[in-house]
Structure formats: structure tokens, C-alpha cells
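Participant: With the first letter of the sequence shown counted as 1, position 51 gets the number 51 in full-length UniProt numbering; the numbers rise by one all the way through.
C-beta: ideal position from N, C-alpha, C; glycine also.
Fair warning: this is a prediction, and the values are worked out from it, not measured in the lab.
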Amino acid sequence: MGLTPLGGFMMGTRSGSLDPSVITFIAEKEHLTPEEMSKILNKESGLLGISGVSSDDRDVCAAEADGNMRAHLAHEMLYYQIAKYIGSYYVALGGCDGIVFTAGIGENQPMLREKVCDYLECLGVKLDKEFNKQATCGVTGTLST
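Printed below as a string of C-alpha cells:
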């Protein structure tokens, strides 16, 4: 995060990092006040805005399982953004010894871990996909070698 929680990858309701000109472009095109833009970026974007379903990833997962393409797009965007940030820190640090997935979505969504690690295979990340599927709700362990 930067000055505000909007920096970084998208969250449940937050947009994540954007080209700064996008904000003024949308505000002018839609005739929105700064307060309205702030509300959209902080409360109506992210998983909620892309999926059109919910800010709760469990609801987005259920919608995706039911064939909702916007929910699928929201997940694909999230996986890519997370991998991009991990990759940038990998370069900045000159490598890394491990990747730790935390918080509700990181701990309880095997698909998120799998898809993010798939993007990172070029950096040598190898995920034990069978163990990954079992590692939810407080189960801990090494998911890769």
C-alpha cells in the first residue's frame, strides 16, 4: 500500500493500483465528484466491481463455479496481480527463500495459491498441488520444494 489502501493489487472492494489518469478520465466522462470517485475506488471496485457479485471471495468462488464469467475474470485478474507483485519483489530482493500466503483468502483458497504459483514457475516456484488442496483452515506445511 501507498498513501492509501488503494495501492497494490485489488482487494474485496478496493481497485488496487491504477494509471492515475484513469481516475480523472472516468470522473470527467461520468460527471463524478472526487468524493464519488473515492467511494467507487474504495468501496465498489476490486472483486466486487469486477465480479458484480460480492466482495467476499467465497461468494465469488461460488459464482465462478456456477459459470459466472465476470467472477472468473475477477479471479484471473487477482491471481495475475498477486503474481506480478511477488515477481517484482523477487527482483528487488534478488531472489527469495519462500512465499507465504496469509489472511483468509491466502490461507483458505487453494486455487489462488495454485494459480499464483503457476505464474511464478519461471522463477523456479514449484507447488505441491496435492498438498495445496489439503492445506486450508489452519493446516500448515510446505507446499513447494
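1) In angstroms with no decimal places, state the Cα-to-Cα distance between Cys122 and Glu76.
2) Do Met10 and Leu47 count as a contact pair if the criterion is CB distance below 8 Å?
3) Measuring CA to CA, which of Phe131, Glu114, Lys126 and Ser88 is closest to Gly8?
4) Compute the beta-carbon to beta-carbon distance between Ser51 and Arg70, rounded to the nearest angstrom, for a pair I have assumed lies under 8 Å.
5) So the alpha helix (DSSP H) Arg58 belongs to, where does it begin and stop?
6) Is it buried or exposed for Val60, if we count other Cβ within 10 angstroms and need 16 for buried?
7) Tell me the DSSP secondary structure of Arg14 in three-state form.
8) Quick one, are the C-beta atoms of Gly12 and Gln81 less than 8 Å apart?
9) Could you check how far apart the C-beta atoms of Glu114 and Asn132 are, in whole angstroms? I think they sit under 8 Å.
10) Could you compute how far the alpha carbon of Leu120 sits from the alpha carbon of Glu130?
11) Under the three-state reduction of DSSP, which class applies to Gly94: helix, strand or coil?
12) So Asp66 and Gln109 are in contact, right, with Cβ under 8 Å, and what is the actual spacing, rounded?
13) So, at 8 Å on beta carbons, what are the nonlocal neighbours of Pro5 in its own chain, with the 5 sequence-adjacent residues on each side left out?
14) Taking just the CA atoms, how far does Val125 sit from Cys117?
Facilitator: Taking the definition as stated:
1) Here residue 122 refers to the residue found at position 122 of the sequence shown. Here residue 76 refers to the residue found at position 76 of the sequence shown. Taking C-alpha positions only, Cys122 is separated from Glu76 by approximately 18 Å.
2) Counting from one through the sequence shown, the residue named residue 47 turns up at place 47. Counting from one through the sequence shown, the residue named residue 10 turns up at place 10. Yes, these two residues count as a Cβ contact at 8 Å.
3) On the sequence shown, position 8 is the one that residue 8 refers to. It is Ser88.
4) Working through the sequence shown from its first residue, we reach residue 51 at position 51. Working through the sequence shown from its first residue, we reach residue 70 at position 70. 5 Å between Cβ atoms; contact.
5) On the sequence shown, residue 58 is found 58 positions in, with the first residue counted as 1. Looking at the DSSP string, the run of the alpha helix (DSSP H) that includes Arg58 is Asp57 to Ala65.
6) In the sequence shown, residue 60 corresponds to position 60, counting from 1. Buried, since its Cβ has 16 or more Cβ neighbours within 10 Å.
7) Within the sequence shown, the letter at position 14 stands for residue 14. The answer is coil: DSSP assigns Arg14 none of H, G, I, E or B.
8) On the sequence shown, position 12 is the one that residue 12 refers to. On the sequence shown, position 81 is the one that residue 81 refers to. Taking 8 Å as the Cβ cut-off, Gly12 and Gln81 do not qualify as a contacting pair.
9) As a first step, residue 114 must be located in the sequence shown, where it is residue number 114. As a first step, residue 132 must be located in the sequence shown, where it is residue number 132. With a beta-carbon spacing of about 6 Å, Glu114 and Asn132 fall inside the 8 Å limit used to define contacts.
10) Translated into positions along the sequence shown, residue 120 becomes position 120. Translated into positions along the sequence shown, residue 130 becomes position 130. Each residue's Cα considered, the two are about 18 Å apart.
11) Taking the first residue of the sequence shown as 1, we reach residue 94 at position 94. In this structure, Gly94 counts as coil in the three-state DSSP scheme.
12) In the sequence shown, residue 66 corresponds to position 66, counting from 1. In the sequence shown, residue 109 corresponds to position 109, counting from 1. Asp66 to Gln109, Cβ: 17 Å. No contact.
13) Translated into the one-based positions of the sequence shown, residue 5 becomes position 5. Once the five neighbours on either side are set aside, the close Cβ partners of Pro5 are Met11, Arg14 and Asn42.
14) Counting from 1 along the sequence shown, the entry for residue 117 is found at position 117. Counting from 1 along the sequence shown, the entry for residue 125 is found at position 125. Answer to the nearest angstrom: the Cα atoms are 6 Å apart.
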